[in-house]
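Going by this note's numbering, the sequence shown opens with residue 954, and the numbers climb by one from there.
Positions of the beta carbon are idealized from the N, C-alpha and C atoms, including for glycine.
Computed from a prediction, not measured in an experiment: that's the story for all the values here.
Worksheet: the structure to be examined is printed underneath.
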Amino acid sequence: METSLQRVVLAEDSRSDRNSFVSTHHPCLGFRRFLPHAANQGEESMNRKALDELKQQIPLLEYLTAQEWRPARALSGGRWMGLCPLHTDHKPSFLVDPQKSLFYCYGCGRGGDVIRFAELYHQVTFPQALSLLREWCGLTPLLHSVVEFYRLQLHRRNEAAIYLDQRGIHSPEVIEHMRIGYAAGGGLRSWLTQLGYPPSVLHSAGLITQAGYDSYTRRIIFPLESNLYGRSITRAAPPHRFLPGSKGGLYLWEQVRRYSEVIVVEGLFDYAVVWQAGFRNVTCSLGNHLNARQFQQLCDGPRTVYLAFDSDANGSGQSAAQSMSRRLCAQSVSPRRVPLPDGHDPNSFFVQGGDARQFQRLLEAALP
Ligand SMILES: [Zn+2]
């Protein structure tokens, strides 16, 4: 534990870790083979400069915090220990040095800088990690402002409260926990323009239409890790809306992964009522198909997974649960399919009077 982070990372055998470290501290050394093309010297130093800038823009600790990582205890020198976000970790083995913007895990032996972390965490290549980070650092402050704006609107507009009530969302805790907001339709553009965002940026982010209107108008808003989900409260518009780009991983996964039993639901309104009923071990896949990252998250350790997918008339939720159940069986995961009554999803189950005890019984009745 007394070994300095620097030495531990240097002792790493992985080429990529070492190079990430080197590039943090000695930009002149060992970077060449990372470049995607055989760049000439001029381009190479340009690239290196851009990488250094990117890393300066994204302090590792800030990025980790945004991924829901929380330090468990403080060490000397301003360093922190916490659970490793790269695998199932039961006692903190993940060391973060905010000053150097480096991490090292005593459990899995991996370490490096913010780019290396993004590669490992999102399971992507080096260039993909760079574009994820670039996108993140451009979009994050903007989305933060947008979410704050929508959260204020939620409490000012009656129609939003009425809709939430219809969907069974009553407790202020769940609204706070999920940071739910409402896009009433006016004012977003002028608010963001005042904050200094040019309309072209807002349009290319998908937040406003070509004509300058809020693209989420009359939708309940749920912030995701680097996207926004908007549910239309009227039938006049398509029900679901996301910004261009990935939906990301499982919803609030870092808060859930420590549980040995995890409930997976399809939609955020399902999530809200299940969480509100007291089940804290719930996550959401935003649809009945898991993307590669979500699947990998679910399989990152041994656990029982309850698939509480829609029991809809066309059977798509149940057949998705069945095929996912088969895929999960091949991993270290024990899947269970939750037998919701015909025609129900978890949201309608609770809205129509189901309670926590009845839902618990469904979980107990779930079969592989
Ligand atoms: Zn680890």
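| Do the CB positions of Asn1111 and Gly1220 come within less than 8 angstroms of each other? | Numbered from 1 along the sequence shown, position 158 holds the residue referred to as residue 1111. Numbered from 1 along the sequence shown, position 267 holds the residue referred to as residue 1220. It is not a contact, given that the beta carbons lie outside the stated cut-off.
| Going by beta carbon distance, what residues of the same chain come within less than 7 angstroms of Pro980, once the five residues before and after it are set aside? | Along the sequence shown, one-based indexing puts residue 980 at 27. Unreliable positioning characterises Pro980 in this predicted model, as indicated by a pLDDT of 30, which lies under 50. The coordinate reading is nonetheless provided below. Around Pro980: Arg1001 and Asp1005.
| Is there at least one non-hydrogen atom of ligand 1 closer than 7 angstroms to the beta-carbon of His1043? | Counting from one through the sequence shown, the residue named residue 1043 turns up at place 90. No, ligand 1 has no heavy atom inside 7 angstroms of this Cβ.
| said: Just checking Pro1039 against ligand 1 - is the residue's beta carbon closer than 7 angstroms to any of the ligand's heavy atoms? | reply: Start at 1 with the first residue of the sequence shown, and residue 1039 comes out as number 86. Note on identity: in this sequence residue 1039 is Leu, with Pro being the wrong assignment. True, at least one ligand heavy atom lies under 7 angstroms from that Cβ.
| request: Drop a sphere of 10 angstroms on the beta-carbon of Ile1115, count the other beta-carbons inside from all chains shown, and report buried for 16 or more, exposed for fewer. | output: As a first step, residue 1115 is located in the sequence shown; it is residue number 162 there, counting from the start. The residue in question, Ile1115, is exposed, as its Cβ has fewer than 16 Cβ neighbours within 10 Å.
| message | Quick check: the stretch 1274-1285 against the stretch 1245-1258, are at least 3 beta-carbon pairs closer than 8 angstroms? | response | yes
| field | Spatial neighbours of Cys1061 in its chain, beta-carbon cut-off 7 angstroms, leaving aside the 5 residues before and after | value | Here residue 1061 refers to the residue found at position 108 when the sequence shown is read from its first residue. Cys1037, Leu1039 and His1040, listed in sequence order.
| Residue closest to Phe1102, alpha-carbon to alpha-carbon, out of Arg1132, Gly1121, Pro1152 and Gln1119 | Within the sequence shown, the letter at position 149 stands for residue 1102. The residue with the shortest Cα to Cα distance from Phe1102 is Arg1132.
| query | By the 10 Å Cβ neighbour count, where 16 or more other Cβ atoms means buried, how is Pro1288 classified, buried or exposed? | reply | Looking up residue 1288 in the sequence shown gives position 335. Buried, since its Cβ has 16 or more Cβ neighbours within 10 Å.
| In whole angstroms, what separates the C-alpha of Ala991 from that of Ile1011? | Looking up residue 991 in the sequence shown gives position 38. Looking up residue 1011 in the sequence shown gives position 58. Model confidence at Ala991 stands at a pLDDT of 35, short of 50, so the residue's coordinates are unreliable and nothing is read from them.
| field | Neighbourhood of Gln1229 by C-beta distance below 6 angstroms, restricted to the same chain and skipping five residues each side | value | On the sequence shown, position 276 is the one that residue 1229 refers to. The residues are Ser1124 and Val1127.
| task | May I ask which residues mark the beginning and end of the alpha helix (DSSP H) holding Leu1315? | result | Position 362 of the sequence shown, counted from the start, is the residue given in the question as residue 1315. Leu1315 -> alpha helix (DSSP H) spans Ala1309 to Glu1317.
| query | If you run the structure through DSSP and keep just helix, strand and coil, what is Leu1260? | reply | Locating residue 1260 in the sequence shown gives position 307, where the first residue counts as 1. Residue state, collapsed to three classes: strand.
| message | Between the stretch 1177-1193 and the stretch 1262-1275, can you find at least three pairs of beta-carbon atoms closer than 8 angstroms? | response | The stretch 1262-1275 is not in contact with the stretch 1177-1193.
| message | For Pro1292 and Ala1164, what's the separation of their Cα atoms in angstroms? | response | The count along the sequence shown starts at 1 and reaches residue 1292 at position 339. The count along the sequence shown starts at 1 and reaches residue 1164 at position 211. Looking at the two C-alpha atoms, the distance is approximately 46 angstroms.
| How long is the line joining the alpha carbons of His1043 and Arg1210, rounded to whole angstroms? | To locate residue 1043, count along the sequence shown from 1; it is residue 90. To locate residue 1210, count along the sequence shown from 1; it is residue 257. The straight-line gap from Cα to Cα measures roughly 11 angstroms.
| message | Taking a contact to mean a Cβ-Cβ separation below 8 angstroms, would you say Gly1035 touches Pro1045 in this structure? | response | Along the sequence shown, read from residue 1 onward, the residue named residue 1035 stands at position 82. Along the sequence shown, read from residue 1 onward, the residue named residue 1045 stands at position 92. Yes, Cβ-Cβ distance for Gly1035 and Pro1045 is below 8 angstroms.
| request: Within the same chain, show all residues whose beta-carbon is closer than 8 angstroms to that of Ala1019, passing over the 5 residues directly before and after it, in chain order. | output: Numbered from its first residue, the sequence shown carries residue 1019 at position 66. So the qualifying residues of the chain are Trp1089, Thr1093 and Glu1178.
| query | Quick one, are the C-beta atoms of Cys1237 and Tyr1259 less than 8 angstroms apart? | reply | On the sequence shown, residue 1237 is found 284 positions in, with the first residue counted as 1. On the sequence shown, residue 1259 is found 306 positions in, with the first residue counted as 1. It is not a contact, given that the beta carbons lie outside the stated cut-off.
| query | Rounded to the nearest angstrom, how far is the Cβ of Phe1070 from that of Phe1056, given a contact under 8 angstroms? | reply | For the purposes of this step, residue 1070 is identified with residue 117 of the sequence shown, where counting begins at 1. For the purposes of this step, residue 1056 is identified with residue 103 of the sequence shown, where counting begins at 1. Phe1070 to Phe1056, Cβ: 6 angstroms. Contact.
| field | Backbone secondary structure at Pro1321 - three-state DSSP | value | Numbered from its first residue, the sequence shown carries residue 1321 at position 368. Three-state DSSP puts Pro1321 in coil, outside helix and strand.
| request: Determine the extent of the alpha helix (DSSP H) in which Leu1141 is found, giving its start and end residues. | output: What you label residue 1141 is simply residue 188 of the sequence shown in a count that begins at 1. Membership of Leu1141 in the alpha helix (DSSP H) is indicated by the continuous run Leu1141 to Gln1147.
| message | Using only the alpha-carbon positions, how far apart do His1156 and Arg1142 sit? | response | Taking the first residue of the sequence shown as position 1, residue 1156 is located at position 203. Taking the first residue of the sequence shown as position 1, residue 1142 is located at position 189. Spanning the two alpha carbons is a distance of roughly 10 angstroms.
| field | Gly995 (DSSP reduced to helix, strand or coil) | value | Looking up residue 995 in the sequence shown gives position 42. Bear in mind that a pLDDT of 46 at Gly995, under 50, signals an unreliable position, so the number given afterwards is only what the model happens to contain. If DSSP states are grouped into helix, strand and coil, Gly995 belongs with the helices.
| field | Classification of Tyr1166 by the beta-carbon crowding that lies within 10 angstroms, buried from 16 upward | value | Walking along the sequence shown from the start, residue 1166 turns up at place 213. Looking at its Cβ environment, which holds fewer than 16 other Cβ atoms inside 10 Å, Tyr1166 is exposed.
| task | Go to Arg1172, then tell me how far its beta strand (DSSP E) extends in each direction, as first and last residue. | result | The sequence position of residue 1172 within the sequence shown is 219, counting from 1. First-last of the beta strand (DSSP E) with Arg1172: Arg1172 to Pro1176.
| request: State buried or exposed for Asn1267, treating a residue as buried only when at least 16 other CB atoms are found within 10 Å of its CB. | output: Sequence index remark: in the sequence shown, residue 1267 carries index 314 (1-based). Counting Cβ neighbours within 10 Å, Asn1267 comes out exposed, since fewer than 16 surround it.
| What is the C-beta distance between Leu1160 and Val1100, in whole angstroms, given that I count them as a contact (C-beta under 8 angstroms)? | Translated into positions along the sequence shown, residue 1160 becomes position 207. Translated into positions along the sequence shown, residue 1100 becomes position 147. 11 angstroms between Cβ atoms; not a contact.
| query | Which same chain residues, not among the five before or five after Leu1086, have their C-beta less than 8 angstroms away from its C-beta? | reply | Locating residue 1086 in the sequence shown gives position 133, counting from the first residue. These residues qualify, in order along the chain: Leu1007, Ile1011, Tyr1016, Val1067, Ile1068 and Ala1071.
| request: Specify the secondary structure class of Leu1221 as computed by DSSP and reduced to three states. | output: Position 268 of the sequence shown, counting from 1, holds the residue named residue 1221. DSSP places Leu1221 in helix when its eight states are reduced to three.
| query | My guess is that Tyr1212 and Val1218 are in contact by the Cβ rule of under 8 angstroms, so how many angstroms apart are they, rounded? | reply | Locating residue 1212 in the sequence shown gives position 259, where the first residue counts as 1. Locating residue 1218 in the sequence shown gives position 265, where the first residue counts as 1. 14 angstroms between Cβ atoms; not a contact.
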